[in-house]
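K.L.:
Following this message is one structure expressed as structure tokens.
In this note's numbering, the protein residues as written are 5 to 146.
Here's what the structure looks like:
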């Protein structure tokens, strides 16, 4: 499927991009302070997606369209932009677990598993944050 189906071109302000990133960081912070593995896992997953949305907006001027398959497209493009296939691999594994939990009658997410996913997502988000901070700093100097 073409990218046009999942994204549309739009010009974002620096404030909009900062807002997207802050939203991802807020979910990451919620995940950090959770003791319930499923809650930590779910907030980690949404934080990763929101960071991807911020990254795509800032680097490609694309807004995500809400439709079946859009989470996969966010993860694919995020992976491509950061040149890191593990983002898609981890993110897609999280997506499939979330879908099984949501649509397949539930699954058990262990404490170790939720911490491992959280730690991976935290590192990925801070990579996005550094890239966006450099980009926003550069655009403010123009």
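No residue lacks a Cβ here, since even glycine has one placed at the ideal position from N, Cα and C. Computed from a prediction, not measured in an experiment: that's the story for all the values here.
Can you name, in chain order, every residue of its own chain whose Cβ lies under 8 Å from the Cβ of residue 12, other than the five neighbours on each side?
P.N.:
Here residue 12 refers to the residue found at position 8 of the chain shown. Cβ within range, chain order: 66, 67, 69.
K.L.:
Rounding to the nearest angstrom, what Cα-Cα distance links residue 135 and residue 86 in this structure?
P.N.:
Within the chain shown, numbered from 1, the residue matching residue 135 stands at position 131. Within the chain shown, numbered from 1, the residue matching residue 86 stands at position 82. The straight-line gap from Cα to Cα measures roughly 9 Å.
K.L.:
Less than 8 Å between the beta carbons of residue 60 and residue 81, yes or no?
P.N.:
Counted from its first residue, the chain shown places residue 60 at position 56. Counted from its first residue, the chain shown places residue 81 at position 77. Yes, these two residues count as a Cβ contact at 8 Å.
K.L.:
If contacts are defined as beta-carbon pairs under 8 Å, then residue 125 and residue 25 qualify, I think. What distance do you get, rounded to the angstrom?
P.N.:
What you label residue 125 is simply residue 121 of the chain shown in a count that begins at 1. What you label residue 25 is simply residue 21 of the chain shown in a count that begins at 1. At roughly 14 Å, the Cβ-Cβ gap does not stay under 8 Å, so residue 125 and residue 25 are not in contact.
K.L.:
Assuming residue 10 contacts residue 77 (C-beta within less than 8 Å), just tell me the rounded distance between them.
P.N.:
As a working note, residue 10 is residue 6 in the chain shown. As a working note, residue 77 is residue 73 in the chain shown. So it is a contact: roughly 4 Å between Cβ atoms.
K.L.:
Could you compute how far the alpha carbon of residue 141 sits from the alpha carbon of residue 19?
P.N.:
In the chain shown, the residue the question calls residue 141 occupies position 137. In the chain shown, the residue the question calls residue 19 occupies position 15. Their Cα atoms are separated by approximately 12 Å.
K.L.:
On the DSSP letters alone, give me the boundaries of the beta strand (DSSP E) that residue 99 sits inside.
P.N.:
Looking up residue 99 in the chain shown gives position 95. Looking at the DSSP string, residue 99 is not in any beta strand (DSSP E); the run it does join, the alpha helix (DSSP H), is 89–107.
K.L.:
Kindly indicate which residue of 99, 102, 56 has the alpha-carbon position closest to the one of residue 133.
P.N.:
As a working mapping, residue 133 is identified with position 129 in the chain shown. The shortest C-alpha separation from residue 133 is found at 56.
K.L.:
Here's a check: name, in chain order, each residue in its chain whose Cβ is nearer than 6 Å to the Cβ of residue 5, leaving out the five neighbours to either side.
P.N.:
As a first step, residue 5 is located in the chain shown; it is residue number 1 there, counting from the start. The predicted model places residue 5 with a pLDDT of 44, which falls under 50 and marks its position as unreliable; any figure quoted below should be read in that light. Once the five neighbours on either side are set aside, residue 5 has no close Cβ partner at all.
K.L.:
Hey, could you find the ends of the alpha helix (DSSP H) residue 45 is sitting in?
P.N.:
Working through the chain shown from its first residue, we reach residue 45 at position 41. Residue 45 -> alpha helix (DSSP H) spans 41–64.
K.L.:
Express the C-alpha separation of residue 8 and residue 44 in angstroms, rounding to a whole number.
P.N.:
Here residue 44 refers to the residue found at position 40 when the chain shown is read from its first residue. Here residue 8 refers to the residue found at position 4 when the chain shown is read from its first residue. About 33 Å.
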